[in-house]
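J.: Here you go, one structure.
Numbering (our numbering), first residue to last: 6 to 187.
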């Protein structure tokens, strides 16, 4: 589908029929350009990307026929979310990509300067009426945090209600530690 100056492939919204090989090639190309992702061994990308591509849980954006953004995601159950946050094996996670209504963004790859435009695209067009989350690695501090987003069609009140009804399912050990510190 065409959105402004971009061609967007999001098969869960519109089946534009690019081949898996084309999506694979474009996503690997973006991984290799991304400083954050380029250290991933090429042999690991089959395990990390192919299940998401096969299950059509990705967004690929092109500008002038050139890949500029790749996003993968899953709609997880509370139990799967907890296993994901505990660091479960990807093969286990990928069997549960459509197990619930808790949307998690896995790979956000935008090696160009269009990160803000891609965030706008995701919140206005891809997930406009949903809340979603993403883990963000801060390499300098060696820490990970959860970032929460809301689609543009949701009010702050609706987003707060959804978050209250769907609290982050931290792994049991971390949850116990945080309760002990209170």
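Even glycine gets a Cβ: it sits at the ideal position worked out from N, Cα and C.
Between which residues of its own chain and residue 17 is the CB-CB distance below 8 Å, once the five residues before and five after are set aside?
T.: In the chain shown, the residue the question calls residue 17 occupies position 12. Cβ neighbours of residue 17 beyond the five flanking positions: 61 and 62.
J.: CB-CB under 8 Å to residue 5, same chain, minus the five flanking residues each way: which ones, in chain order?
T.: As shown, the chain starts at 6 and ends at 187. That puts residue 5 outside it, with no answer to give.
J.: In the DSSP assignment, find the unbroken alpha helix (DSSP H) run with residue 121 in it and report its ends.
T.: Locating residue 121 in the chain shown gives position 116, counting from the first residue. Taken as a continuous stretch (DSSP letters only), the alpha helix (DSSP H) holding residue 121 covers 120-126.
J.: Measure the C-alpha to C-alpha separation of residue 20 and residue 14 and round it to an integer number of angstroms.
T.: Along the chain shown, one-based indexing puts residue 20 at 15. Along the chain shown, one-based indexing puts residue 14 at 9. Computed Cα separation, rounded: 8 Å.
J.: Round the Cβ separation of residue 130 and residue 105 to the nearest angstrom and send it over; I've been treating them as touching at under 8 Å.
T.: Residue 130 sits at position 125 when you count from the first residue of the chain shown. Residue 105 sits at position 100 when you count from the first residue of the chain shown. Incorrect: roughly 23 Å between the Cβ atoms, too far for contact.
J.: Round the Cβ separation of residue 101 and residue 82 to the nearest angstrom and send it over; I've been treating them as touching at under 8 Å.
T.: Here residue 101 is taken as the residue at index 96 of the chain shown, counted from 1. Here residue 82 is taken as the residue at index 77 of the chain shown, counted from 1. Indeed they touch by this definition, with Cβ atoms about 7 Å apart.
J.: From residue 148 to residue 90, what distance separates their C-alpha atoms?
T.: Your numbering for residue 148 matches position 143 in the chain shown. Your numbering for residue 90 matches position 85 in the chain shown. C-alpha separation (whole angstroms): 13 Å.
J.: Can you tell which of 92, 139, 118 and 46 has the C-alpha that lies nearest to the C-alpha of residue 76?
T.: Reading the chain shown from its first residue, position 71 is the one you call residue 76. Considering only alpha carbons, the answer is 139.
J.: Can you pull the DSSP bridge partners for residue 111?
T.: Along the chain shown, read from residue 1 onward, the residue named residue 111 stands at position 106. Per DSSP, none; premise fails for residue 111.
J.: Taking 6 Å as the limit between beta carbons, can you name the residues of its chain near residue 156, skipping five residues before and five after?
T.: Taking the chain shown and counting its residues from 1, one reaches residue 156 at position 151. Within the same chain, residue 156 has close Cβ partners 128, 132, 133, 134 and 135.
J.: Rounding to the nearest angstrom, what Cα-Cα distance links residue 112 and residue 9 in this structure?
T.: Residue mapping note: residue 112 aligns to position 107 of the chain shown, counting from 1. Residue mapping note: residue 9 aligns to position 4 of the chain shown, counting from 1. Rounded to the nearest angstrom, the two C-alpha atoms are 23 Å apart.
J.: Give the straight-line distance between the Cα atoms of residue 184 and residue 57, rounded to the nearest whole angstrom.
T.: Residue 184 sits at position 179 when you count from the first residue of the chain shown. Residue 57 sits at position 52 when you count from the first residue of the chain shown. A caution first: residue 184 carries a pLDDT of 39, below 50, which makes its placement in the model unreliable, though a value can still be read off. Distance between the alpha carbons of residue 184 and residue 57 is about 35 Å.
J.: Kindly identify the DSSP beta-bridge partner or partners of residue 67.
T.: Working through the chain shown from its first residue, we reach residue 67 at position 62. Paired residues: 12 and 72.
J.: Looking only at DSSP bridge pairs, what is residue 136 linked to?
T.: Locating residue 136 in the chain shown gives position 131, counting from the first residue. Answer by DSSP bridge pairing, in chain order: 155.
J.: Do residue 32 and residue 65 count as a contact pair if the criterion is CB distance below 8 Å?
T.: Against the chain shown, residue 65 aligns to sequence position 60. Against the chain shown, residue 32 aligns to sequence position 27. Cβ atoms of residue 65 and residue 32: closer than 8 Å.
J.: Once the 5 residues before and after residue 115 are set aside, which same chain residues still bring their CB inside 6 Å of it?
T.: Taking the first residue of the chain shown as 1, we reach residue 115 at position 110. Around residue 115: 74 and 123.
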